[in-house]
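**Q** After the structure tokens below, expect a handful of questions from me.
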Amino acid sequence: MKIAILPGDGIGREIVTEAVKVLKALDLSFEMEFADVGGVAYAAHGHPLPDATLKLAKQADAVLFGAVGDFQYDNLERHLRPEQAILGLRKELGLFANFRPAICYEQLTHASSLKPELVAGLDILIIRELTGDIYFGQPRGRRTASDGHFPGADEAFDTMRYARPEIERIAHVAFQAAQKRGKKLLSVDKANVLETFQFWRDVMNEVHKQYPDVTLEHMYVDNAAMQLVKAPKNIDVLVTGNMFGDILSDEAAMLTGSIGMLPSASLNAKNQGLYEPSHGSAPDIAGKGIANPLATILSAAMMLRYSLGKPEAADRIERAVKKVLASGLRTADIYSEGTRKVGTVE
Ligand code: ATP
Ligand code: MG
Numbered sequence: 052m053k054i055a056i057l058p059g060d061g062i063g064r065e066i067v068t069e070a071v072k073v074l075k076a077l078d079l080s081f082e083m084e085f086a087d088v089g090g091v092a093y094a095a096h097g098h099p100l101p102d103a104t105l106k107l108a109k110q111a112d113a114v115l116f117g118a119v120g121d122f123q124y125d126n127l128e129r130h131l132r133p134e135q136a137i138l139g140l141r142k143e144l145g146l147f148a149n150f151r152p153a154i155c156y157e158q159l160t161h162a163s164s165l166k167p168e169l170v171a172g173l174d175i176l177i178i179r180e181l182t183g184d185i186y187f188g189q190p191r192g193r194r195t196a197s198d199g200h201f202p203g204a205d206e207a208f209d210t211m212r213y214a215r216p217e218i219e220r221i222a223h224v225a226f227q228a229a230q231k232r233g234k235k236l237l238s239v240d241k242a243n244v245l246e247t248f249q250f251w252r253d254v255m256n257e258v259h260k261q262y263p264d265v266t267l268e269h270m271y272v273d274n275a276a277m278q279l280v281k282a283p284k285n286i287d288v289l290v291t292g293n294m295f296g297d298i299l300s301d302e303a304a305m306l307t308g309s310i311g312m313l314p315s316a317s318l319n320a321k322n323q324g325l326y327e328p329s330h331g332s333a334p335d336i337a338g339k340g341i342a343n344p345l346a347t348i349l350s351a352a353m354m355l356r357y358s359l360g361k362p363e364a365a366d367r368i369e370r371a372v373k374k375v376l377a378s379g380l381r382t383a384d385i386y387s388e389g390t391r392k393v394g395t396v397e
């Protein structure tokens, strides 16, 4: 098995170095190959996603990705900016399923936006469809009254669209994830108003027949947004489309305390995946040795679970993270009175 390691820019290098140490400590005999991505790749090879990096990512069973982006590249043409690397990887690898767990660790309940009793023990998995919906539907555009074709029109428009196979494949991924957890799936839509999401609901119900051991519930997105802050612990696995998922996963992130703790995974049909922290390259703290590496270490755990067939090793990492938190060690972003701050520079 081969892992492509793409540290990228800013704190990417620091946090990936820590995750690699953890992977090595597991002694699982994976091959790890490093490559440049993002701004550092542009600086060295003239492109944020060089051919060699893309080739490596395609060959590998999984990609461990740090972060990309830095102020110094802000003025480049759009297609050369570091952020294009992640969009290119998603597209080229066909990563259609985005997994974002929102876990509130016992010791960090005070850092949540909600009251501790609402989030103690919180463990939600949000699955967002990543390659369809209004982000990619055609036609889209803008037209003005003066172009003559549409008298009176001065407008912009996007198209919300899902094709059956796109819903089916994310449904299968979600039901299978629910089978591995609490056997309960919440599908979030807007079936009362949108044809696209009435179709989504119909297809979810059809696919459900193949997973009779999982309980499927449907909820409108406005209600789901409310339930996430009212009674988040009632949710186990939540599946939704690209746009609702974008919004709800950020909302859920705020329940957990720090962005420095949140991993993510993006998977394709072959269970190949790209694993990265939910946060960015944090140029404001790069090079100071104070970045929280736990989001990346937990992303490596997801990689072991979903792409590399090593769930026990994933459990070991997750237990170790809990143990470190229980011991009182903290990076600055999760530090509180009575704990001990760590980092290479303090
Ligand atoms: P992107 O657009 O790439 O998502 P962003 O501008 O949204 O990036 P981040 O890079 O995620 O922002 O950083 C947001 C804030 O969170 C910054 O102040 C940053 O220092 C902090 N931050 C992000 N990741 C970590 C981390 N691992 N440890 C500590 N602080 C972090
Ligand atoms: Mg951001």
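The sequence shown begins at 52 in the numbering used here and counts up one residue at a time. All residues carry an ideal CB built from backbone N, CA and C; glycine is no exception.
1. Secondary structure at leucine 57, three-state DSSP: helix, strand or coil?
2. How would you call aspartate 366, buried or exposed, if buried means at least 16 neighbouring beta carbons within 10 angstroms?
3. Can you list, in chain order, the residues of its chain whose CB lies under 6 Å from that of aspartate 205, leaving out five sequence neighbours each side?
4. Let me check understanding here. Comparing Cα to Cα, which of Val393, Thr291, Ala364 and Asp287 lies closest to lysine 339?
5. Just mark glycine 330 as buried or exposed, buried being the case when its beta carbon has 16 or more other beta carbons within 10 Å.
6. To which residues of the same chain is glutamate 69 closer than 6 Å at the C-beta, ignoring the five residues directly before and after it?
7. Using C-beta distances below 6 Å, list every residue in its chain close to proline 101, excluding the 5 sequence neighbours before and after it, in chain order.
8. Output the distance between the C-alpha atoms of valine 396 and valine 375, rounded to the nearest integer angstrom.
9. In chain order, what residues of the same chain lie with their CB nearer than 8 Å to the CB of arginine 141, ignoring the 5 residues before and after it?
10. Any idea what DSSP makes of phenylalanine 187, helix, strand or coil?
11. If you count every other CB in all the chains shown that lies within 10 Å of the CB of lysine 109, and 16 or more means buried, which is it?
12. Hey, how far is the Cα of aspartate 184 from the Cα of lysine 361?
13. For leucine 144 and alanine 282, I'd like the C-alpha separation in whole angstroms.
14. Our contact map puts aspartate 60 next to proline 133 with C-beta atoms below 8 Å; I'd like the distance itself, whole angstroms only.
15. Let me make sure I understand the geometry here. Which of Arg220, Val170 and Phe147 has the alpha-carbon closest to that of glutamate 157?
16. Which residue spans inside the stretch 105-154 form an unbroken alpha helix (DSSP H) run of at least 4?
17. Select from Ala337, Tyr357, Thr291 and Gly308 the residue whose C-alpha is nearest the C-alpha of asparagine 319.
18. How many Å lie between glutamate 363 and alanine 304 at the Cα?
19. Taking 6 Å as the cut-off, does the CB of alanine 333 come closer than this to any heavy atom belonging to the ligand ATP?
20. Take valine 239 as the anchor and find which of Val272, Leu245, Gln261 and Leu159 has the nearest alpha-carbon.
21. Let me check one thing: in DSSP terms, what residues is arginine 193 bridge-paired to?
22. Would you mind giving the Cβ-Cβ distance between leucine 279 and glutamate 302, rounded to the nearest angstrom? I have them listed as a contact below 8 Å.
23. DSSP on serine 90, reduced to helix/strand/coil?
24. By the DSSP assignment, the alpha helix (DSSP H) with methionine 83 in it spans what residues?
25. If you run the structure through DSSP and keep just helix, strand and coil, what is valine 290?
26. Here's a check: name, in chain order, each residue in its chain whose Cβ is nearer than 7 Å to the Cβ of glutamine 323, leaving out the five neighbours to either side.
27. Compute the minimum distance between the beta carbon of asparagine 343 and the heavy atoms of the ligand ATP, and state whether it is under 6 Å.
28. Span of the beta strand (DSSP E) holding methionine 270?
29. What does the alpha-carbon distance come out to for the pair phenylalanine 150 and isoleucine 177?
**A** Answer, in terms of the structure:
1. Your numbering for residue 57 matches position 6 in the sequence shown. In this structure, leucine 57 counts as strand in the three-state DSSP scheme.
2. Position 315 of the sequence shown, counted from the start, is the residue given in the question as residue 366. So aspartate 366 counts as exposed.
3. As a position in the sequence shown, residue 205 is number 154, starting the count at 1. Here the set comprises Thr195 and Ala196.
4. The sequence position of residue 339 within the sequence shown is 288, counting from 1. Of the listed residues, the one whose Cα sits closest to lysine 339 is Val393.
5. Residue mapping note: residue 330 aligns to position 279 of the sequence shown, counting from 1. Note that residue 330 is histidine in the sequence shown, not glycine. Looking at its Cβ environment, which holds 16 or more other Cβ atoms inside 10 Å, histidine 330 is buried.
6. Here residue 69 refers to the residue found at position 18 of the sequence shown. Taken in chain order, the residues that qualify are Pro344.
7. Translated into positions along the sequence shown, residue 101 becomes position 50. The residues are Ala92.
8. Taking the sequence shown and counting its residues from 1, the one referred to as residue 396 is at position 345. Taking the sequence shown and counting its residues from 1, the one referred to as residue 375 is at position 324. Unreliable placement is indicated for valine 396, whose pLDDT of 48 sits below 50; no coordinate value is reported for it.
9. If you number the sequence shown from 1, residue 141 lands on position 90. Counting only Cβ-Cβ distances below 8 Å, and skipping sequence neighbours, we find Leu181, Thr182, Ser317 and Leu325.
10. Position 136 of the sequence shown, counted from the start, is the residue given in the question as residue 187. Coil, per DSSP.
11. Start at 1 with the first residue of the sequence shown, and residue 109 comes out as number 58. Classification for lysine 109: exposed.
12. Numbered from its first residue, the sequence shown carries residue 184 at position 133. Numbered from its first residue, the sequence shown carries residue 361 at position 310. Distance between the alpha carbons of aspartate 184 and lysine 361 is about 32 Å.
13. Taking the first residue of the sequence shown as 1, we reach residue 144 at position 93. Taking the first residue of the sequence shown as 1, we reach residue 282 at position 231. Each residue's Cα considered, the two are about 36 Å apart.
14. Numbered from 1 along the sequence shown, position 9 holds the residue referred to as residue 60. Numbered from 1 along the sequence shown, position 82 holds the residue referred to as residue 133. Yes, aspartate 60 and proline 133 are in contact; Cβ-Cβ is about 6 Å, under 8 Å.
15. Start at 1 with the first residue of the sequence shown, and residue 157 comes out as number 106. Cα-wise, what sits closest to glutamate 157 is Val170.
16. 135-144
17. Position 268 of the sequence shown, counted from the first residue, corresponds to residue 319. When each option's Cα is compared against that of asparagine 319, the closest is Tyr357.
18. Numbered from its first residue, the sequence shown carries residue 363 at position 312. Numbered from its first residue, the sequence shown carries residue 304 at position 253. Those two C-alpha atoms are separated by around 26 Å.
19. Along the sequence shown, one-based indexing puts residue 333 at 282. Yes, the ligand ATP has a heavy atom inside 6 Å of this Cβ.
20. As a working mapping, residue 239 is identified with position 188 in the sequence shown. Checking every option, the nearest Cα to that of valine 239 belongs to Val272.
21. If you number the sequence shown from 1, residue 193 lands on position 142. DSSP, once it has assigned bridges, lists Ala207 as partnering arginine 193.
22. For this step, residue 279 is matched to residue 228 along the sequence shown. For this step, residue 302 is matched to residue 251 along the sequence shown. Sure, about 5 Å apart at Cβ, within 8 Å.
23. For the purposes of this step, residue 90 is taken as the residue at position 39 of the sequence shown. Here the sequence assigns glycine to residue 90, which means serine is not the residue at that position. It is helical.
24. If you number the sequence shown from 1, residue 83 lands on position 32. Element bounds for methionine 83: not the alpha helix (DSSP H) but the beta strand (DSSP E), 82-85.
25. By 1-based counting over the sequence shown, the position of residue 290 is 239. If DSSP states are grouped into helix, strand and coil, valine 290 belongs with the strands.
26. Residue numbering aside, residue 323 sits at position 272 when the sequence shown is read from its first letter. Taken in chain order, the residues that qualify are Asp112, Ala113, Leu144 and Ser358.
27. On the sequence shown, residue 343 is found 292 positions in, with the first residue counted as 1. Under cutoff, so the answer is yes.
28. Taking the sequence shown and counting its residues from 1, the one referred to as residue 270 is at position 219. That run of the beta strand (DSSP E) goes 266-271.
29. The count along the sequence shown starts at 1 and reaches residue 150 at position 99. The count along the sequence shown starts at 1 and reaches residue 177 at position 126. The alpha-carbon atoms of phenylalanine 150 and isoleucine 177 are separated by roughly 6 Å.
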